[in-house]
Structures are given as structure tokens and as C-alpha cells.
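> If you're matching positions, the sequence shown starts at 2 in this note's numbering and goes up one per residue.
Beta carbons are placed, not taken as given, at the ideal position from N, Cα and C, and that holds for glycine.
Have a look at this one.
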Amino acid sequence: MSLDHDQGQGALTQLRAYLAQQALPSDGRLPPERELCETLGLSRGELRKGLAALEAEGQIWRHVGKGTFLGSRPIEEVDDAAAIASRTSPAAVMRARLLVEPQIAQEAALHASADDLRKLRLVIAKTRTAESWRQYETLDNQLHRLIAEATRNTVLVALFDLLNTVRRTVVWGRLRADIPRPPADHHSFAEHDAIVDAIAERDLEAAGRAMRRHLRSVERKLIEAHHDD
């Protein structure tokens, strides 16, 4: 094994630990490379190897001149997404999610690989140990994106990305923040388990039903938060 490979793996391990512990800002932007190097004790070359590995996994994306951001790269037609968001409502976005995401879950049940299931289980485990709502929301978004990726259908992934970009642009209430992190009995934990269990069992109908139940729960919570504001 080469020294370069060892350095890249070491940087990757440190970056994963760093991201798991941080409460990033709302735009998910990471600190500048210089600051990350100082914080993690890495050289610029080591850091960039680790960042490249995370980008290849879809964990981060980079924009020259703007920085490095957590999550998958947004759709290129971001202006179109903003235009859609300006002409829609939170209720319409949720209706679209209820139409699209259960079908995506069904396709995932048909096509998901063992590696897809491993990644889904790993993210689910991380949601249960999230140290903040921000961290939980990032992991929740990652889980839904991984389900879309498991369909092996680039059109469905692109559709999910567009819908997700619009969803994040349209504001509809907010979750209560009286506690710093999701409680142990947070409704989404069991709902996420049910979705992934159905996908693992190749039960298309159950996967669609589980996703629909989950989205209905999210819808109810958002409505409650909106009315309580």
C-alpha cells in the first residue's frame, strides 16, 4: 500500500469524524481549506485527497470560488428550481413528494444492491446519534437521496434532486427546537426502519406504503409547527 494511499485514508477518517461532530451552517458550507488543515493537522495535499474521496461518494460537493458544501451537488438548473419555488406552495411541494417518493421507494426495493442497503442502514444508525437537529436533517436528507440512488435510474435521481431543491427553498414552518436534538422516540426513526426493511425484503408495495406513511407524518408535524408559530 502506497504512502499516498495511507495519507488519503487518514485524512478521510479525520474528515468523517469532523463532519459527524460539527453543526454546520444552514447552507452546509465547510470552513476554508486553510482552516480545515489547521483544525485537523493535515497538509493541503492530504486534505484535498480526503475531500476528493468524500466528493466521489457524494458526501460533499465543491464549487470553485465559493467553497465546499455538505451533501450532493444541486441540479445545474438552480435558477429553474428557484423559479418553480417562487410559483408554488409548501402544500404543493408535499403533494408532489407524496406522489413521487413512494414510487422511488418501490423502485429502490426492486433494484437496491447489498451495498445500497449497507449505506442506508449506516445513515439510519447515524440519525439516532445525531447531536443536533441540523445534523439530523442533513442525515435525513442523505437517507432519502440514497433511496433515490438505489433505483439505479438517473431520471428519478434528477427528479428527486429538483423536488428536494424546491422543498428546501419553500419555507413552511419549522420543527420545534425546545430540545437540542431528536428525542429517542422521534417518529422518523421507526418510519425510516420500516422503509429500509421493506426495500431489503424486495417488497415494493410495503416500501411505497412505508414511505407514504413517513411523509404523512412529516406533513402533520410541519402543519403543527406552522400553526404554533
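Going by CA-CA distance only, name the one from Thr155, Arg168 and Ala12 that's closest to Leu223.
Arg168
> Ile61 lies in the beta strand (DSSP E); which residues open and close that run?
For Ile61, the enclosing beta strand (DSSP E) begins and ends at Ile61 to His64.
> Leu71 and Ala12: beta carbons closer than 8 Å?
Contact: no.
> Taking 8 Å as the cut-off, does the stretch 201-217 touch the stretch 92-111 (at least 3 CB pairs, one atom from each stretch)?
yes
> Using only CA atoms, which one of Pro91, Gln136, Asp116 and Gly66 lies nearest to Ala18?
Gln136
> Measure the beta-carbon distance from Leu31 to Gly59 and round it to whole angstroms, keeping in mind my assumption that it falls under 8 Å.
Rounded, the Cβ-Cβ distance is 15 Å, inconsistent with contact.
> On a CA-only basis, which of Pro184, Pro181 and Arg214 is nearest His193? Give me that one, please.
Arg214
> Short of 8 Å in beta carbon distance, which residues of its chain neighbour Ala191, apart from the five on each side in sequence? Order them along the chain.
Counting only Cβ-Cβ distances below 8 Å, and skipping sequence neighbours, we find nothing.
> Determine whether the Cβ of Ser114 lies closer than 8 Å to any Cβ atom of chain D.
Among the protein chains of the structure shown there is no chain D, as only one such chain exists.
> CB-CB under 7 Å to Arg153, same chain, minus the five flanking residues each way: which ones, in chain order?
His112
> With 16 other CB atoms within 10 Å as the buried threshold, where does Val94 fall?
buried
> Curious, which full-length alpha helix (DSSP H) runs of at least 4 residues does the stretch 170-225 contain?
188-201
> According to DSSP, simplified to helix, strand and coil, what is Arg153?
coil
> I need the straight-line Cα distance from Leu121 to Thr89, nearest angstrom please.
31 Å
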